[in-house]
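Engineer: Starting off with a structure, shown below.
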Amino acid sequence: MKGILLAGGSGTRLSPSTDSLNKHLLPVYDKPMIYYPLSVLMLGGLKEIMIISTPEDISRFERLLGDGSQLGISITYRVQEEPKGIPEALIIAEDFIGTEDVTLMLADNIFYGQGFTTLLRKAIKDHQHATVFGYRVKDPERFGVVEFDHNQKAISIEEKPEDPKSDFAVTGLYMYDYRAVNIAKNLEPSDRGELEITDINKEYLKCNQLDVELLGRGFAWMDAGTQEALFDAAEFIKTTQQRQGFKIACLEEIAFYMGYISKEALYERGKTMEKNDYGQYLMEIADRKHHQQYWDSIDHHPMLGLVENE
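Each residue of the sequence shown is one higher than the one before, starting from 1 at the first, in the UniProt record's numbering.
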């Protein structure tokens, strides 16, 4: 399976902060926003990833992440000339996807929770046609909403309904087989002039080929697309990290425990940032890798899951 991060858009809801900078490069506490969705793809075991962004911003992402080799993965880049809807990412990445399955993720989505890695990997392993993730929200009219029957099987999906049939929103994390590209190509723009991801999900639902994984109350899902949401996400990350002593979405740490980079490479990466907390954290991880107590604690890391034992 391949991964796509859609990091385009104009970020008008975050203006003026985004007047000269892509919103996905804004800091969420101690790291750029895009680190969080990228960490999800890495935790899922995906090593071939494409980042799609605007003509003005693509070079900034390349400067930040390079070709991914420093993380033991491959990152390529494509331009979205103007925002025409989430499904356009599948069309842009057609030759990248080929005949493989793909995970498409919006780059302003943040996921966190004990066991998330296990759930994510199981969804990838069991994936057949289309898989989306549902999350209970108090304002479902703002999202794509999925309705279930008494067996918790999805029976309908509506985009921003005035009268929601459930309070489960579809998050910005989608898994599809390669047919999603052709489905996207045949979509008609909605009233707002964009292709809608809900319409792709509906096509799979019509064929009884849409699976919905529900994220329970122990999970956090944040869409950092507004000033308030961005602040709340930063506060959440700060508080959680300070209390637990782990960093959330630390790409180098994930790459290390996935076996993609060596202890030496991890330490050297930290050395380049040794004057700040992030760099010191990487150096500390590299130094204490063989401490049994620390090793055991990784099994309970909410964003690493059971990496050591898999």
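Even for Gly, the Cβ is constructed at its ideal location relative to N, Cα and C.
Every value quoted in this text rests on a predicted model; they were computed, and no experiment measured them.
In this structure, does DSSP put R136 in helix, strand or coil?
Structural biologist: Note: R136 maps to strand in three-state DSSP.
Engineer: Opposite M222 in the DSSP bridges: which residues?
Structural biologist: DSSP output for M222 lists I110 as bridge partner(s).
Engineer: Reducing DSSP to helix, strand and coil, say where E88 ends up.
Structural biologist: Helix at E88.
Engineer: List the whole-angstrom C-beta distance separating A184 from L195, where the pair is believed to meet the contact cut-off of C-beta under 8 Å.
Structural biologist: Their Cβ separation, rounded to whole angstroms, is 6 Å, which keeps A184 and L195 in contact under 8 Å.
Engineer: Compute the distance between the beta-carbons of M42 and I73, then report whether it is under 8 Å.
Structural biologist: Yes, the pair counts as a contact, with Cβ atoms nearer than the cut-off.
Engineer: Taking the C-alpha atoms as reference points, what is the distance between D232 and I91?
Structural biologist: Whole-angstrom Cα-Cα distance: 33 Å.
Engineer: In angstroms, rounded to a whole number, what distance separates the CA positions of A224 and L26?
Structural biologist: About 10 Å.
Engineer: Among A93, D57 and G9, which residue has its Cα nearest to the Cα of E48?
Structural biologist: The option with the nearest alpha carbon to E48 is A93.
Engineer: What do you get for P164, buried or exposed, if any count of 16 or more other CB atoms within 10 angstroms of its CB means buried?
Structural biologist: Buried: at least 16 other Cβ atoms inside 10 Å.
Engineer: Name, in chain order, the residues that DSSP records as bridge partners for R243.
Structural biologist: Paired residues: none, contrary to the question.
Engineer: Taking C-beta to C-beta, are Y77 and F96 nearer than 8 Å?
Structural biologist: Cβ atoms of Y77 and F96: not closer than 8 Å.
Engineer: Just to confirm, is the Cβ distance from G113 to G218 under 8 Å?
Structural biologist: Yes, these two residues count as a Cβ contact at 8 Å.
Engineer: Report buried or exposed for G193, applying the criterion of at least 16 other Cβ atoms within 10 angstroms of its Cβ.
Structural biologist: It is exposed - the Cβ of G193 has fewer than 16 other Cβ atoms within 10 Å.
Engineer: Which first and last residues belong to the beta strand (DSSP E) in which T76 is found?
Structural biologist: Here the beta strand (DSSP E) through T76 covers S74 to V79.
Engineer: Under 8 Å: do the segment 140–150 and the segment 117–131 share three or more Cβ pairs, one atom per stretch?
Structural biologist: Verdict: no, contact absent.
Engineer: Are the Cβ atoms of L65 and I75 separated by less than 8 Å?
Structural biologist: Their beta carbons are under 8 Å apart, which means L65 touches I75 by this criterion.
Engineer: Would you mind stating whether D149 and I155 have Cβ atoms separated by less than 8 Å?
Structural biologist: The answer is yes: Cβ separation under 8 Å.
Engineer: Can the beta-carbon of G8 be found closer than 8 Å to that of P83?
Structural biologist: Yes, the Cβ-Cβ distance between G8 and P83 is below 8 Å.
Engineer: Who are Y174's beta bridge partners in DSSP?
Structural biologist: For Y174, which the question treats as bridged, DSSP gives the partners L104 and V132.
Engineer: Just curious, the alpha helix (DSSP H) that E274 is in, first and last residue?
Structural biologist: No alpha helix (DSSP H) holds E274; DSSP gives it neither H nor E.
Engineer: In terms of DSSP beta bridges, what is E48 paired with?
Structural biologist: S74.
Engineer: Can you name the residues that DSSP bridges to S156?
Structural biologist: Answer is E147, bridged to S156.
Engineer: Out of G216, M105 and N151, which has the shortest C-alpha to C-alpha gap to M50?
Structural biologist: Considering only alpha carbons, the answer is M105.
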